[in-house]
Amino acid sequence: MAEPIIIAVPKGRILDEALPLLARVGIEPEPAFADPDSRALRFATNRADIDLIRVRAFDVATFVAHGAAQFGIVGSDVLMEFDYSELYAPVDLGIGHCRLSVAEPAALAAKDDPRGWSHVRIATKYPHVTRSHFARRGVGAECVKLNGAMELAPVLGLAPRIVDLVSSGRTLKENGLVEVEVIAEVSSRLVVNRAAFKTRSAVVPLVDAFRRAVEAPAPAGA
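When we follow full-length UniProt numbering, the leftmost residue of the sequence shown carries the number 1, and every step to the right adds one.
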């Protein structure tokens, strides 16, 4: 019997939106997956040929690119940051909508004009995307790499601006920050390891199943 196909799913907000989609594809994780006390990272599903692993959102792309998992669900922000050639992203899943934005303190924004920037110091976990974005405008970007608590950077003088994901904008507002520029609209994608796509017969039918689940109308009451 062939080894199970492994689907890497992200911890956090996207996972809550991904689970109903997985169910529509016919994939339901074992009960331990929903146990908040479980420290397991790999889970069986109702299908003997499919397992799930639950990892950090930024690590989903790495697991799939290197073939440790054959599929993954990951935000387009992560794909832009890493740009792995080994990844194929055939389906926009239509979940995890947000935006990647530049933000700064409201007091600075009141007198600031992004069109006049020539050099910026920015705290972000997206240094590649950030530098590329500003380079296209001829602006030098000095990036301070952080993995979280981005909103503290301007408050504590680490960097006057941040680049981060924004959904409702509530976190920015509560920390005295405002958006001044949107770099990209973000949604979650189904990603596939390119080698697995070519060599494992079960991969293409599963891609098609995800595509149908996205295109089909949501069940009543969903």
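Glycine included, C-beta positions come from ideal geometry on N, C-alpha and C.
When the beta-carbon positions are compared, Ala159 and Ile122 come within less than 7 Å of each other. Comparing C-alpha distances from Val102 to each of Leu22, Val180 and Leu206 shows the shortest one belongs to Val180. If you compare the alpha carbons of Arg189, Pro10 and Arg170 with that of Arg211, the shortest gap goes to Arg189. Per DSSP, Phe197 lies in no beta strand (DSSP E) segment; the continuous alpha helix (DSSP H) that holds it begins and ends at Arg194 to Thr199.
Closest in alpha carbon position to Asn193, among Ala216, Glu30, Ala109 and Ala68, is Ala68. Looking only at Gln70, Ser168, Leu52 and Val203, the smallest Cα-Cα distance to Ala23 is reached by Leu52. In the three-state DSSP reduction, Lys173 falls in the helix class (H, G or I). Distance check between Val214 and each of Gly26, Pro10 and Arg170 places Gly26 closest, using alpha-carbon atoms only. Taking 7 Å as the cut-off, the beta carbon of Asp49 is found no closer than this to the beta carbon of Pro20. The residue among Gly116, Ala216, Lys111 and Ser167 with its C-alpha nearest the C-alpha of Leu100 is Ser167.
The beta-carbon separation of Tyr84 and Ala61, rounded to 6 Å, stays under the 8 Å limit for a contact. In the three-state reduction of the DSSP assignment, Val60 falls in the helix class.
Here the alpha carbons of Ser187 and Glu17 stand approximately 11 Å from one another. The bridge partners DSSP lists for Gly75 are Ser188. For Thr124, the enclosing beta strand (DSSP E) begins and ends at His119 to Thr124. In the structure shown, the three-state DSSP call for Arg39 is coil. Here the region 142-152 lies against the region 122-133, with 3 or more beta-carbon pairs under 8 Å apart. Between Ile6 and Gln70, the gap from beta carbon to beta carbon is short of 7 Å. 7 Å or more divides the Cβ of Phe197 from the Cβ of Val191. Note on Pro105: 16 or more other CB atoms within 10 angstroms of its CB, so buried under the neighbour-count rule. Secondary structure of Ser101 (DSSP, three-state): strand.
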